[in-house]
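Engineer: Submitted below is the structure of interest, expressed as structure tokens.
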Amino acid sequence: MQRKVASNLVWMLVERGLQVGAGIGIVAMLARGLGPEGFAHFQYAQAVVYIASSIALICGGEVVIPRLVANQDPLAQHRLVVHAFRLRLAAGILGYLLMCAFLVVTGQTIEFWLPALIIGLAVVLREPFGIVTAWLQAHTRTRPNTLFNLASLSVKAAGVALLFALGIHHVPSYALAFSLEPVVMAIFLTTYYLARAPRARVTYEPAMVRELFSNGLLFWASFMLMMGSRRIDQLLLKPLVPLGELGAYAASMQILDNFVMVATILSAGVAPIYVYAQPTLTQARRNILKIAGGMMAVGVAGGIAIALSAHWIIHLLYGSAFASAASLLQLSALASTLIFADVGLTLLPIYLRRPRLVAIKWALVFVVTIVIDLIAIPRLGVYGAILGYAVANLLSVLFGIAIWIQSARGRPAVQEARA
Numbered sequence: 186m187q188r189k190v191a192s193n194l195v196w197m198l199v200e201r202g203l204q205v206g207a208g209i210g211i212v213a214m215l216a217r218g219l220g221p222e223g224f225a226h227f228q229y230a231q232a233v234v235y236i237a238s239s240i241a242l243i244c245g246g247e248v249v250i251p252r253l254v255a256n257q258d259p260l261a262q263h264r265l266v267v268h269a270f271r272l273r274l275a276a277g278i279l280g281y282l283l284m285c286a287f288l289v290v291t292g293q294t295i296e297f298w299l300p301a302l303i304i305g306l307a308v309v310l311r312e313p314f315g316i317v318t319a320w321l322q323a324h325t326r327t328r329p330n331t332l333f334n335l336a337s338l339s340v341k342a343a344g345v346a347l348l349f350a351l352g353i354h355h356v357p358s359y360a361l362a363f364s365l366e367p368v369v370m371a372i373f374l375t376t377y378y379l380a381r382a383p384r385a386r387v388t389y390e391p392a393m394v395r396e397l398f399s400n401g402l403l404f405w406a407s408f409m410l411m412m413g414s415r416r417i418d419q420l421l422l423k424p425l426v427p428l429g430e431l432g433a434y435a436a437s438m439q440i441l442d443n444f445v446m447v448a449t450i451l452s453a454g455v456a457p458i459y460v461y462a463q464p465t466l467t468q469a470r471r472n473i474l475k476i477a478g479g480m481m482a483v484g485v486a487g488g489i490a491i492a493l494s495a496h497w498i499i500h501l502l503y504g505s506a507f508a509s510a511a512s513l514l515q516l517s518a519l520a521s522t523l524i525f526a527d528v529g530l531t532l533l534p535i536y537l538r539r540p541r542l543v544a545i546k547w548a549l550v551f552v553v554t555i556v557i558d559l560i561a562i563p564r565l566g567v568y569g570a571i572l573g574y575a576v577a578n579l580l581s582v583l584f585g586i587a588i589w590i591q592s593a594r595g596r597p598a599v600q601e602a603r604a
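Just so we're aligned: 229 in my numbering is position 44 of the sequence shown, and the numbers increase by one with no gaps anywhere.
As structure tokens, this is what we get:
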């Protein structure tokens, strides 16, 4: 069993590592192919889609996987998968419609809403068909999902590379290349699951839908607030700064998105053994503090390295047209180091099975980000958005430290709540 878990972890790390590398290459081709303003159009569309996709995160793996593990009957699992798929699909359609409504209400031009509508196909496809991923995880089968992810990512990368090689500068064309990934992934997952699932017809059960919805509500709210806080800055920047500055800011943030993914990889690698498997809160708290400290050290080292080589990184990936992004990358890289500590500290409320704390944290971060951005961006431009980013990261870490301290004071009650 330990060998199987280790094998699954290796496959996950390989997948994430290749995703980071491919993501950097794809963004570099996008930036060079579209230029600062075209890149701004594309990134704004992606920001809108990113926030809309959070609506489809209802009934996440945190809700589905434990139920699949608890009941190994194939027919019962199939019934659960079908109901979760229907719930996610309805949420995905709602997210897509709300995205369209936002684009209409804000009066976006065709340069913004057309790529958003195309990339937005992921809102309807990724999470609903991703229920098969939860089913695979419940059966500790990581390899098929990894191969599917890499294959669909390769299709997207090939599409972007072809457009770049042909010298195409049309934003919707690159959006079409991006939309290939969720389509291919949905086909792979559906084919794999249907070849192994029972052929029985599933009758709609309102009680199961209500249970899945209510049990996943806090996780859903947390994901929406988290994803909203990570992209709301670009939505607020767009009407207040020139497109070139928005493109430079988005370029720097794309690099950091790939950098901070290292934090989630590290967390996923150490948490099952050193946190979730710990029998007592005392041991878990001690390990979480060590993990957070170690991850913070990794973040600081990486952030400083990125800041020192920012000019070289920007020139290498994006070219001279994005030279202004170097100073933005330097500041935001230093601010991103806090995310590593935050990811480590977030393991505690997950260990305690207290999703409400995670939801409260992201609600605070979301509100503070909006307030600071609304005040700072009109005065400081894109540097105001970096200020909001830094303060939000600091608030997340302080919240995590407060939970860590409070868990020691109320240890008996916390242990009882977890049990």
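By construction, the Cβ of each residue, glycine as well, lies at the ideal position given by its N, Cα and C atoms.
#1: Ala-436 and Gln-228: beta carbons closer than 9 Å?
#2: Please state whether DSSP places Thr-388 in a helix, a strand or coil.
#3: With distance defined between alpha-carbon atoms, name the residue in Arg-328, Val-266, Leu-422 and Ile-545 nearest to Val-195.
#4: Mapping the DSSP letters down to three states, classify Leu-537 as helix, strand or coil.
#5: For Gln-468, does the three-state DSSP call read helix, strand or coil?
#6: Identify, in the order they occur along the chain, each residue of the same chain with its Cβ nearer than 7 Å to the Cβ of Val-582, setting aside the five sequence neighbours on each side.
#7: Going along the chain, which residues of its own chain have a beta-carbon closer than 6 Å to the beta-carbon of Gln-204, five neighbours each way excluded?
#8: Do you know how far the Cα of Thr-467 is from the Cα of Val-599?
#9: Does the segment 302 to 320 come within contact of the segment 367 to 383, defined as at least 3 CB pairs closer than 8 Å?
#10: Are Val-368 and Gly-305 touching if we call contact CB-CB under 9 Å?
#11: What does the alpha-carbon distance come out to for the pair Pro-357 and Tyr-461?
#12: Within the same chain, show all residues whose beta-carbon is closer than 8 Å to that of Val-199, passing over the 5 residues directly before and after it, in chain order.
#13: Determine contact between the segment 543 to 553 and the segment 504 to 511, defined as no fewer than three beta-carbon pairs at a distance below 8 Å.
#14: Runs of 3 residues minimum, wholly inside the segment 438 to 517: which ones carry the beta strand (DSSP E) assignment?
#15: Give the straight-line distance between the Cα atoms of Ser-339 and Ala-392, rounded to the nearest whole angstrom.
#16: Taking Arg-384 as the reference, give the member of Leu-351, Arg-201 and Val-267 with the closest Cα.
#17: So, using beta-carbon positions, are Ala-575 and Ala-520 closer together than 9 Å?
#18: Note down, in chain order, each residue of its chain lying with its Cβ closer than 7 Å to the Cβ of Leu-513, except the 5 sequence neighbours on either side.
#19: Of all the alpha helix (DSSP H) runs that stay within the bounds of the segment 263 to 325, which reach a length of 4 or more residues?
#20: From which residue to which residue does the alpha helix (DSSP H) around Pro-427 run?
#21: Do the segment 218 to 227 and the segment 418 to 428 touch if we need at least three Cβ pairs shorter than 8 Å?
#22: For Ala-213, count neighbouring C-beta atoms within 10 Å of its own C-beta (all shown protein chains included) and say buried if the count is 16 or more, exposed if not.
#23: Touch check for the segment 290 to 300 and the segment 259 to 275: three-plus C-beta pairs under 8 Å?
#24: Exposed or buried, which one is Pro-300 when buried takes at least 16 other CB atoms within 10 Å?
#25: Rounded to the nearest angstrom, what separates Ala-602 and Ala-544 at their Cα positions?
#26: Beta-carbon within less than 8 Å of Leu-421's beta-carbon, same chain only, minus the 5 sequence neighbours each way: which residues are those?
#27: Given Ala-456, which residues of its chain have a CB within under 7 Å of its CB, disregarding the five upstream and five downstream residues?
#28: Assign Ser-399 to buried or exposed, taking buried as 16 or more other Cβ atoms, counted over all protein chains shown, within 10 Å of its Cβ.
#29: Taking only three categories from DSSP, how would you classify Thr-531?
#30: What's the call for Leu-348, buried or exposed, on a 16-neighbour Cβ count within 10 Å?
#31: Cα separation between Leu-272 and Ile-417?
#32: Short of 6 Å in beta carbon distance, which residues of its chain neighbour Met-186, apart from the five on each side in sequence? Order them along the chain.
#33: Where Ala-482 and His-496 are concerned, what is the direct C-alpha to C-alpha distance, given to the nearest angstrom?
#34: What number of angstroms, rounded off, separates the C-alpha of Tyr-378 from the C-alpha of Asn-578?
#35: From the DSSP output, in three-state form, read off Glu-601 for me.
#36: Am I right that Gln-322 and Gly-246 are in contact with their C-beta atoms under 8 Å? What's the rounded C-beta distance?
Structural biologist: Let me lay it out:
#1: By 1-based counting over the sequence shown, the position of residue 436 is 251. By 1-based counting over the sequence shown, the position of residue 228 is 43. The answer is yes: Cβ separation under 9 Å.
#2: For the purposes of this step, residue 388 is identified with residue 203 of the sequence shown, where counting begins at 1. If DSSP states are grouped into helix, strand and coil, Thr-388 belongs with coil.
#3: Translated into the one-based positions of the sequence shown, residue 195 becomes position 10. Among Arg-328, Val-266, Leu-422 and Ile-545, the Cα nearest to that of Val-195 is on Arg-328.
#4: For this step, residue 537 is matched to residue 352 along the sequence shown. Here Leu-537 sits in coil by DSSP.
#5: Taking the sequence shown and counting its residues from 1, one reaches residue 468 at position 283. Looking at Gln-468 - three-state DSSP - the assignment turns out to be helix.
#6: If you number the sequence shown from 1, residue 582 lands on position 397. Result list for Val-582: Leu-523, Ala-526, Asp-527 and Leu-530, in chain order.
#7: As a first step, residue 204 must be located in the sequence shown, where it is residue number 19. Excluding sequence neighbours, Gln-204 sits near nothing in its chain.
#8: Walking along the sequence shown from the start, residue 599 turns up at place 414. Walking along the sequence shown from the start, residue 467 turns up at place 282. With a pLDDT of 46 at Val-599, under the threshold of 50, the predicted position of this residue should be treated as unreliable, though the coordinate-derived value follows. So the alpha carbons of these two residues sit roughly 11 Å apart.
#9: yes
#10: As a working note, residue 368 is residue 183 in the sequence shown. As a working note, residue 305 is residue 120 in the sequence shown. Not in contact: Val-368 and Gly-305 (Cβ atoms no closer than 9 Å).
#11: In the sequence shown, the residue the question calls residue 357 occupies position 172. In the sequence shown, the residue the question calls residue 461 occupies position 276. Rounded to the nearest angstrom, the two C-alpha atoms are 44 Å apart.
#12: Looking up residue 199 in the sequence shown gives position 14. If we look at Val-199 and ignore the five residues flanking it on each side, its Cβ neighbours are Thr-331.
#13: no
#14: none
#15: Along the sequence shown, read from residue 1 onward, the residue named residue 339 stands at position 154. Along the sequence shown, read from residue 1 onward, the residue named residue 392 stands at position 207. C-alpha separation (whole angstroms): 41 Å.
#16: Start at 1 with the first residue of the sequence shown, and residue 384 comes out as number 199. It is Val-267.
#17: By 1-based counting over the sequence shown, the position of residue 575 is 390. By 1-based counting over the sequence shown, the position of residue 520 is 335. Yes. Within cutoff.
#18: Along the sequence shown, read from residue 1 onward, the residue named residue 513 stands at position 328. The answer, listed in chain order, is Ala-433, Tyr-434, Ser-437, Val-567 and Ile-571.
#19: 295 to 304, 306 to 314 and 316 to 323
#20: As a first step, residue 427 must be located in the sequence shown, where it is residue number 242. From DSSP, Pro-427 is part of no alpha helix (DSSP H); its letter is neither H nor E.
#21: yes
#22: On the sequence shown, residue 213 is found 28 positions in, with the first residue counted as 1. Flag for Ala-213 reads buried.
#23: no
#24: Within the sequence shown, numbered from 1, the residue matching residue 300 stands at position 115. Per the 10 Å Cβ criterion, buried.
#25: Start at 1 with the first residue of the sequence shown, and residue 602 comes out as number 417. Start at 1 with the first residue of the sequence shown, and residue 544 comes out as number 359. Residue confidence for Ala-602 is low, a pLDDT of 45 falling below 50, so the modelled location carries little weight and cannot support an answer.
#26: Walking along the sequence shown from the start, residue 421 turns up at place 236. Same-chain partners within the cutoff: Ile-555, Asp-558, Leu-559, Ile-562 and Ala-570.
#27: By 1-based counting over the sequence shown, the position of residue 456 is 271. Counting only Cβ-Cβ distances below 7 Å, and skipping sequence neighbours, we find Leu-532.
#28: Position 214 of the sequence shown, counted from the first residue, corresponds to residue 399. Per the 10 Å Cβ criterion, exposed.
#29: Translated into positions along the sequence shown, residue 531 becomes position 346. In this structure, Thr-531 counts as coil in the three-state DSSP scheme.
#30: What you label residue 348 is simply residue 163 of the sequence shown in a count that begins at 1. When all chains shown are included, Leu-348 counts as buried.
#31: The count along the sequence shown starts at 1 and reaches residue 272 at position 87. The count along the sequence shown starts at 1 and reaches residue 417 at position 232. Taking the straight line from one Cα to the other gives about 26 Å.
#32: Residue mapping note: residue 186 aligns to position 1 of the sequence shown, counting from 1. Since pLDDT at Met-186 reaches only 49, below the 50 mark, its modelled position is unreliable, and no value is offered.
#33: Along the sequence shown, one-based indexing puts residue 482 at 297. Along the sequence shown, one-based indexing puts residue 496 at 311. Distance between the alpha carbons of Ala-482 and His-496: 23 Å.
#34: Along the sequence shown, one-based indexing puts residue 378 at 193. Along the sequence shown, one-based indexing puts residue 578 at 393. Looking at the two C-alpha atoms, the distance is approximately 39 Å.
#35: Numbered from 1 along the sequence shown, position 416 holds the residue referred to as residue 601. In this predicted model, Glu-601 has a pLDDT of only 44, less than 50, meaning its place in the structure is not dependable; the value taken from the coordinates is given anyway. Helix, per DSSP.
#36: For the purposes of this step, residue 322 is taken as residue 137 along the sequence shown, with counting starting at 1. For the purposes of this step, residue 246 is taken as residue 61 along the sequence shown, with counting starting at 1. Between Gly-246 and Gln-322 the Cβ distance is about 7 Å, and since that is below 8 Å, they are a contact.
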